[in-house]
Amino acid sequence: MSVVTTWLLLLAPVCTVAKTSKTESTDGDDSVTGQDASGHGCQAEVFLPTESPRAMLFFFLALLSCLLVPWTAAVLWHLLFPGRAEVAKAFPETSEQGSHVRYCRTQAMEARREAALKELRSRKLSGGFLGRLVILMLLWCWLIYIIIQVRQVLATSALYQNFDPYEILDVGMTTSTSQIKKAYHKLSLKYHPDKNKEEGAAEKFMLIKKAYDALTDPVAKRNYRAYGNPDGPTRVQLDVALPTISKENQGLVLVLFLLLFVIGVPLMMLYCMGSSSVDNNGLPRETNKVLAEGFSPSLDAKQLQELILRAYAAAEKPKNEEPLDELRQELQAAGASFSRAKRGAENGEAEDALALQRAETLFWGHILRRTDLLRERARELDGALKQWQVASRFLLKEAASHGQADGASSCLDFHRGLVQAIEPAAASKPGSVLSQIPHFSSEQIKLWQKRQKKYSTLSGFVEMPSEERRAALEAPELGLSPSQLADIEEFVAVVPRMQIQDAHVFVHGEDEICVGDIATLEIKLLRANLREGEAIGAAHAPHFPGKVSEAWWLTFRLPGKGKSGSSVCSRITDTSREVVANVRFRVPLAGKCRIRLSLACEAYAGFEFEKEVNYVAKQAQQPVHDDDSDVGSEEIDMDFED
0 MSVVTTWLLL LAPVCTVAKT SKTESTDGDD SVTGQDASGH GCQAEVFLPT
50 ESPRAMLFFF LALLSCLLVP WTAAVLWHLL FPGRAEVAKA FPETSEQGSH
100 VRYCRTQAME ARREAALKEL RSRKLSGGFL GRLVILMLLW CWLIYIIIQV
150 RQVLATSALY QNFDPYEILD VGMTTSTSQI KKAYHKLSLK YHPDKNKEEG
200 AAEKFMLIKK AYDALTDPVA KRNYRAYGNP DGPTRVQLDV ALPTISKENQ
250 GLVLVLFLLL FVIGVPLMML YCMGSSSVDN NGLPRETNKV LAEGFSPSLD
300 AKQLQELILR AYAAAEKPKN EEPLDELRQE LQAAGASFSR AKRGAENGEA
350 EDALALQRAE TLFWGHILRR TDLLRERARE LDGALKQWQV ASRFLLKEAA
400 SHGQADGASS CLDFHRGLVQ AIEPAAASKP GSVLSQIPHF SSEQIKLWQK
450 RQKKYSTLSG FVEMPSEERR AALEAPELGL SPSQLADIEE FVAVVPRMQI
500 QDAHVFVHGE DEICVGDIAT LEIKLLRANL REGEAIGAAH APHFPGKVSE
550 AWWLTFRLPG KGKSGSSVCS RITDTSREVV ANVRFRVPLA GKCRIRLSLA
600 CEAYAGFEFE KEVNYVAKQA QQPVHDDDSD VGSEEIDMDF ED
């Protein structure tokens, strides 16, 4: 049943039926004059639902029912099954294509996932939820009160339905008038409101009086016999049970309408639009301003790191100045490289310098994996890491959308260093790359590189035969426990082994490729580490507080110089075992063309693959118009939804 149908059914009692006599009222109250067939009149009290507050009960009953039933169901679902929808969204069991999601099962990732599941499934009663719960309970109390009132109204109406004065007075149709008076006197003494305080006695007394009048009053008796109603003939009037506004209050209502809707609503919209200090990309406006002014495609990973930290410090001004000298000295001894910016004499410069020092301290504590020194700032560190990730992704998207391959590469280096806790400037060095392996310290990395020169890179470590790798890892010099060895084997099983199976260029619907055509580069990838029917889950990133998706960036530079030789970047987010990605671009030159594809992982450092693709383009027979689409990529996914 649709929502509209349900609403109409619930609003059915709202359209009330008003029974009134044919003749008009003789005065301004609710009494109307009824007439019988002979033209005689009688005064009778007739209930007009549209003019009585009781008619509003049906309206509020329908309105509150439509509101409270789904709201209560949602609250009960939240209390009985907390976090079920959030868990299914954060850790789905199957992918969009129906494949089983393969998650990393190392000890660190399992502990992080269990903590996240516990947090999602916890019945957290926030202030907003408690406030909504109180409002819901008050509305239910109001609904119960309305139901009680409606039951009373229906009970009263039931007394007058199928009105039979003989049955009410317990007399027969041949009973004399004197006996009717005796029965009326007896029942009126029993149900008189002054003597009988029971509930419903007053309504029963009024019904007895009406029955007595119908059998004794000549006009009422004639109307009852002719129309079945002592009040005479009636007419049916359909109306909506909405409150009427008296003439005395119309001015006040108009003023309230102007204040609430004409003035209040626009002011509220302006307040909501201007009160937020966060832009659409999730970053503070001060941060976006610094990023926009300082970003350039020529920045390397180290310069990009300084820019992002400076942008973060511009928005996160510390409220209390805390000494950081000792902490910075410990981090510097561990290998941190702090900037040489000093505090200025002005208060503003001093605050900026302190904020930058704080940001650098958090950053290097994370990169050097010395979070034990930042236990008191753990929450601040988690927030900073997530904001830095958003900033790097924002810059990465901007660089990719403008075809700036060098800028996108620097952003990728910073992002991979951030999520894997390795220095971005050294993310491509073999030693830093091997530090992504769980339980591998700097000493163990040096020992591994010395003994296993053939497998000194991360890709070589992964491709190493399992028996040979396990024998090398079990060497006493490495000092790895059985549980640590199991974590490393799990890491090897989850880390990507992406293979480029095929790549070719074609034009849809054409046998040849001509200059100016919108060509499609189709690339087929295979995750050799997955089995049939599996999809990859979140990447192994135990040092990052959030979930990191295993996305890939496909980059290539078109032949030619200048504008026609710009780069094309596209993000691939398909988590399936077999991936087919299409990237569109305009063919810039005629002849035999060669493009070099570069495929880089967004989550892990050390996984870059290249492949050359050749195609032949012919000169176009018809000139290409300037209004045709420009060279660009078909964005597979640029929203960065993990």
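Read in order, the letters of the sequence shown are residues 0 to 641 in numbering that gives the first Met the number 0. Built from N, CA and C at the ideal position, the CB exists for glycine as well. None of the values given here were measured: they were computed from a predicted structure.
CA-to-CA distance, residue j to residue i, given in whole angstroms
i, j, result
"V264", "E285", "29 Å"
"G416", "K301", "11 Å"
"Q328", "V432", "26 Å"
"H77", "V578", "37 Å"
"L303", "C410", "7 Å"
"V504", "E476", "51 Å"
"I262", "R339", "53 Å"
"V149", "Q178", "37 Å"
"P229", "F162", "9 Å"
"E113", "A485", "19 Å"
"V100", "M268", "43 Å"
"S125", "E379", "21 Å"
"I594", "S295", "25 Å"
"G545", "P91", "16 Å"
"S98", "T572", "15 Å"
"L330", "F337", "9 Å"
"T176", "F204", "19 Å"
"C592", "A110", "51 Å"
"F59", "I145", "8 Å"
"E509", "V615", "13 Å"
"S480", "L529", "27 Å"
"R468", "M497", "20 Å"
"P322", "R374", "15 Å"
"F128", "I487", "43 Å"
Pair within 8 Å by beta-carbon distance, residue i and residue j
i, j, result
"A680", "A354", "Coverage of the chain is limited to positions 0 through 641, which leaves residue 680 absent and any answer about it impossible."
"Q448", "A604", "no"
"F584", "L553", "no"
"A390", "L282", "yes"
"A213", "P164", "yes"
"A538", "S548", "yes"
"I207", "L186", "yes"
"I517", "A502", "no"
"L367", "G406", "no"
"T519", "N581", "yes"
Residues that DSSP places opposite residue i in a beta bridge
i, result
"Q249", "DSSP lists no partner for Q249."
"F555", "V567"
"H99", "T93 and E533"
"K316", "Paired residues: none, contrary to the question."
"I421", "In DSSP, I421 forms no bridge with anything."
"Y685", "No information on residue 685 is available, as it lies outside the stretch 0 to 641 that the chain covers here."
"F608", "L598"
Given residue i as reference, the closest of the options once Cα atoms are compared
i, options, result
"E315", "D324, G293 and L361", "L361"
"S64", "W139, T456 and Q443", "W139"
"P495", "E601, V254, V74 and K452", "E601"
"Q620", "L598, S597, A589 and A599", "A589"
"L142", "L62, R221 and L524", "L62"
"A420", "A471, F543, E521 and G515", "F543"
"A107", "F490, F59, A154 and P423", "F490"
"K209", "E166, N248 and T174", "E166"
"R459", "G82, F606 and L479", "It should be noted that the sequence gives Gly, not Arg, for residue 459. The option with the nearest alpha carbon to G459 is F606."
"A599", "S569, L255 and A616", "S569"
"V514", "I499, G559 and P322", "G559"
"Q500", "A312, A313 and L525", "L525"
"H184", "E198, Y211 and N195", "Y211"
"V170", "T215, L372, G536 and E198", "T215"
Residue i Cβ short of 7 Å to the ligand FMN heavy atom set
i, result
"L214", "Of ligands this structure carries none, so the ligand FMN is not represented either."
Residue i, DSSP secondary structure in three states
i, result
"T71", "helix"
"T4", "Because the pLDDT of T4 is 41, which lies under 50, any placement of that residue in the model is unreliable, and the number read from its coordinates should be weighed accordingly. Three-state result, T4: helix."
"P283", "strand"
"H365", "helix"
"M463", "coil"
"L596", "strand"
"G590", "strand"
"M497", "strand"
"R576", "coil"
"F294", "coil"
"H414", "helix"
"H184", "helix"
"N581", "strand"
"R526", "strand"
C-beta neighbour in chain C for residue i, strict 8 Å
i, result
"E92", "The chain labelled as chain C is not found in the depicted structure, where only one protein chain is given."
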